[in-house]
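**Student:** Residue 1 is where the sequence shown starts when you use the numbering used here, and the numbers rise one by one after that. Even for Gly, the Cβ is constructed at its ideal location relative to N, Cα and C. Just so you know, these numbers come straight off a predicted model, no measurement behind them. For reference, the structure I am asking about is given below.
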Amino acid sequence: MNIRTITEADLPHWIRALHTGFLASPEVPEEELDFRRATIDFTRTQGVFDDDRCVGTLRSFTQQLSLPGGASVTADAVSNVTVSPTHRRRGLLGRMLTADLRAARDRGDIAATLIAAEYPIYGRYGFGPAAWVTEWEVDVHRTGLDRRYAGPSCGGRVALVDGAAVRAHGPGLHRRLSASRPGVVSRPERWWQQATGQLYRPGKPWTEPFHALYLSPGGAPEGLLTYGADDRWDAKRPQNTVTVRDLIAVTPRAQRALWHYLLTIDWAATVRTGYRAPDDLLPDLLPDPRAARITTQADYLWVRPLDIPRLLAARTYATTGGLVLAVTDPSGPAGGRFLLEAGPDGAHCAPTTREADLTLSVGDLGTLALGDGSAVRLAALGRITEERPGAAARAELLLRTAQRPWCPDVF
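Following this line, the structure appears as structure tokens:
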């Protein structure tokens with residue numbers, strides 16, 4: 001098998017292999033070729049070739065990942081990973097991913113990220129689930145919210161806006177979200193163009209959505225909601241489902257106001273929330289929280305540390321303390337023993353010869369890095385080893401965050 005970065009001439013064969021891996025039609029429309037040419041970096045796009053047929057795909061791109069405390073680090077975002085069903089179990093994914101991670105480390109990327117389609121695959125390569133998502137389906141008529149609701153009680157207001165306003169205000173709101181919550185990944189200008197219909201993605205028919213902006217009592221934008229709705233009636237009664245495409249809020253009052261607005265829209269019988277942070281204010285802001293039924297609760301963003309000292313030094317910590325971590329990384333460059341000295345104002349992390357407090361894999365460190373994973377739970381599962389009694393509890397106090405990380409975007 002020949003594994004290499006692709007050229008523009010390879011692109012139709014690469015897309016066909018990508019479609020095959022994801023069980024989509026193997027047809028390659030001209031508009032998708034144009035879209036891919038404009039959006040992928042050929043130097044970071046790999047293909048596996050068996051003679052002249054492409055049978056494996058992987059690409060990566062540069063991404064900013066937010067950490068506890070508000071800093072962002074450069075990550076290697078991995079996407080479009082497939083191996084054709086005729087060529088499974090030959091180590092092709094491992095070879096592509098190893099080459100990509102090696103190049104990322106050489107570039108100076110601090111971590112790698114991905115959204116795992118299947119859970120069992122990426123732990124073998126040093127990734128760990130670092131941020132989870134929850135999706136709710138809300139029975140609007142059971143929420144207990146006042147159907148005569150006429151606007152936020154805080155003095156702010158919700159305004160319907162168009163795509164141009166979204167492109168004007170959205171990037172700034174998203175940057176503020178990144179500074180306040182770990183796990184958020186960067187959105188390039190192209191993301192906002194696609195979200196507002198300015199740029200069409202092939203294979204995804206465009207339906208103009210509704211956009212609502214929350215403005216504070218002083219008139220400052222603090223939240224943005226994008227949603228769509230179907231049109232379904234039964235015996236002259238509306239049974240419409242409203243589906244959230246995007247909801248970002250940088251203050252609790254903005255989040256409360258946007259949910260309240262959405263859940264009191266006339267003719268809406270059901271609201272599907274999309275993938276939210278597991279500690280979203282839903283369902284507890286409802287008078288009857290049982291009106292919100294969980295439909296999805298799953299791992300989402302996976303993180304693979306590449307430069308442990310820089311990753312751990314870039315974030316802040318809930319309390320002051322020190323910890324020596326022995327990190328195993330048999331398939332990569334991140335293993336070693338590291339002394340972390342940390343606190344709410346920052347941290348220092350460097351290789352050390354001191355005796356370890358905890359021994360863990362690089363993937364389990366990825367699970368802990370954004371503040372969501374529990375060191376005590378991982379120790380109870382036998383996945384990390386306490387070399388000193390109480391070390392897992394100290395790691396728990398040091399590493400976990402009050403607000404759970406959340407990645408709003410698939411990539």
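I'd like the span of the alpha helix (DSSP H) that includes E189, first residue to last.
**Tutor:** By 1-based counting over the sequence shown, the position of residue 189 is 189. 189-195 is the extent of the alpha helix (DSSP H) around E189.
**Student:** Near G274, which residues of its chain fall below 6 angstroms by C-beta distance, leaving aside the five closest residues on each side in sequence?
**Tutor:** The residue given as residue 274 occupies position 274 in the sequence shown. Excluding positions up to five away in sequence, the list reads V244.
**Student:** What residue from D41, R124, V55 has the CA that sits closest to H19's CA?
**Tutor:** As a working note, residue 19 is residue 19 in the sequence shown. Nearest C-alpha to H19: V55.
**Student:** Alpha carbons only, please: which of R37, Y261, E189, G47 is nearest the one belonging to A17?
**Tutor:** The residue labelled residue 17 in the question sits at position 17 within the sequence shown. Cα-wise, what sits closest to A17 is G47.
**Student:** Just reading off the alpha helix (DSSP H) that I308 is part of, what are its end residues?
**Tutor:** Here residue 308 corresponds to residue number 308 of the sequence shown, with the count starting at 1. Element bounds for I308: 308-314.
**Student:** Taking buried to mean at least 16 other C-beta atoms within 10 Å of its own C-beta, is D307 buried or exposed?
**Tutor:** For the purposes of this step, residue 307 is taken as residue 307 along the sequence shown, with counting starting at 1. D307 should be labelled buried.
**Student:** Which first and last residues belong to the alpha helix (DSSP H) in which A347 is found?
**Tutor:** As a first step, residue 347 must be located in the sequence shown, where it is residue number 347. Where A347 is concerned, there is no enclosing alpha helix (DSSP H), although the beta strand (DSSP E) it sits in stretches over 346-351.
**Student:** Quick one: what's got a C-beta closer than 6 angstroms to P171's C-beta in the same chain, skipping five residues either side?
**Tutor:** Along the sequence shown, read from residue 1 onward, the residue named residue 171 stands at position 171. Same-chain partners within the cutoff: there are none.
**Student:** Using C-beta distances below 6 angstroms, list every residue in its chain close to K236, excluding the 5 sequence neighbours before and after it, in chain order.
**Tutor:** Position 236 of the sequence shown, counting from 1, holds the residue named residue 236. Excluding residues within five positions, none has a Cβ falling inside 6 angstroms.
**Student:** How many Å lie between Q297 and M1 at the Cα?
**Tutor:** In the sequence shown, the residue the question calls residue 297 occupies position 297. In the sequence shown, the residue the question calls residue 1 occupies position 1. Spanning the two alpha carbons is a distance of roughly 38 angstroms.
**Student:** May I ask you to report which of helix, strand or coil DSSP gives Y214?
**Tutor:** Counted from its first residue, the sequence shown places residue 214 at position 214. Correct three-state label for Y214: strand.
**Student:** At what residue ranges does the stretch 228-275 contain a whole run of the alpha helix (DSSP H), taking only runs of 4 or more?
**Tutor:** The stretch 228-275 contains these whole alpha helix (DSSP H) runs: 252-262.
**Student:** Using DSSP with H/G/I as helix, E/B as strand and the rest coil, what is V166?
**Tutor:** Position 166 of the sequence shown, counted from the start, is the residue given in the question as residue 166. Reduced to three states, the DSSP call for V166 is helix.
**Student:** Can you list, in chain order, the residues of its chain with a C-beta nearer than 8 angstroms to that of L378? Leave out the 5 residues immediately preceding and following it.
**Tutor:** In the sequence shown, residue 378 corresponds to position 378, counting from 1. These residues qualify, in order along the chain: L360, D364, T367, L368, I384, A392.
**Student:** Do the stretch 133-144 and the stretch 327-336 touch if we need at least three Cβ pairs shorter than 8 angstroms?
**Tutor:** No, they do not touch.
**Student:** Indicate the three-state DSSP secondary structure (helix, strand or coil) for Y300 in the structure shown.
**Tutor:** Reading the sequence shown from its first residue, position 300 is the one you call residue 300. Reduced to three states, the DSSP call for Y300 is strand.
**Student:** So, are the CB atoms of I110 and L398 less than 8 angstroms apart?
**Tutor:** Here residue 110 is taken as the residue at index 110 of the sequence shown, counted from 1. Here residue 398 is taken as the residue at index 398 of the sequence shown, counted from 1. No, the Cβ-Cβ distance between I110 and L398 is not below 8 angstroms.
**Student:** Compare the beta carbon distance of Q63 and T113 with 8 angstroms and say whether it is the shorter of the two.
**Tutor:** Counted from its first residue, the sequence shown places residue 63 at position 63. Counted from its first residue, the sequence shown places residue 113 at position 113. Yes, they are a contact pair.
**Student:** Using alpha carbons as the reference points, say which of T352, D345, P252, G343 lies closest to R337.
**Tutor:** Indexing the sequence shown from 1 puts residue 337 at position 337. Checked all of T352, D345, P252, G343; the closest Cα to R337 is T352.
**Student:** Taking 8 angstroms as the cut-off, does the stretch 262-280 touch the stretch 94-107 (at least 3 CB pairs, one atom from each stretch)?
**Tutor:** Short answer: they don't touch.
**Student:** Give me the DSSP bridge partner(s) of E137.
**Tutor:** As a first step, residue 137 is located in the sequence shown; it is residue number 137 there, counting from the start. Paired residues: R272, R293.
**Student:** With hydrogens ignored, establish whether the beta-carbon of R89 is closer than 7 angstroms to any heavy atom of the ligand GTP.
**Tutor:** No copy of the ligand GTP appears in this structure; indeed no ligand is present at all.
**Student:** Could you tell me which of D234, G335, A257, V376 sits nearest to A150, measuring between CA atoms?
**Tutor:** Numbered from its first residue, the sequence shown carries residue 150 at position 150. The option with the nearest alpha carbon to A150 is A257.
**Student:** Reducing DSSP to helix, strand and coil, say where R337 ends up.
**Tutor:** Here residue 337 refers to the residue found at position 337 of the sequence shown. In this structure, R337 counts as strand in the three-state DSSP scheme.
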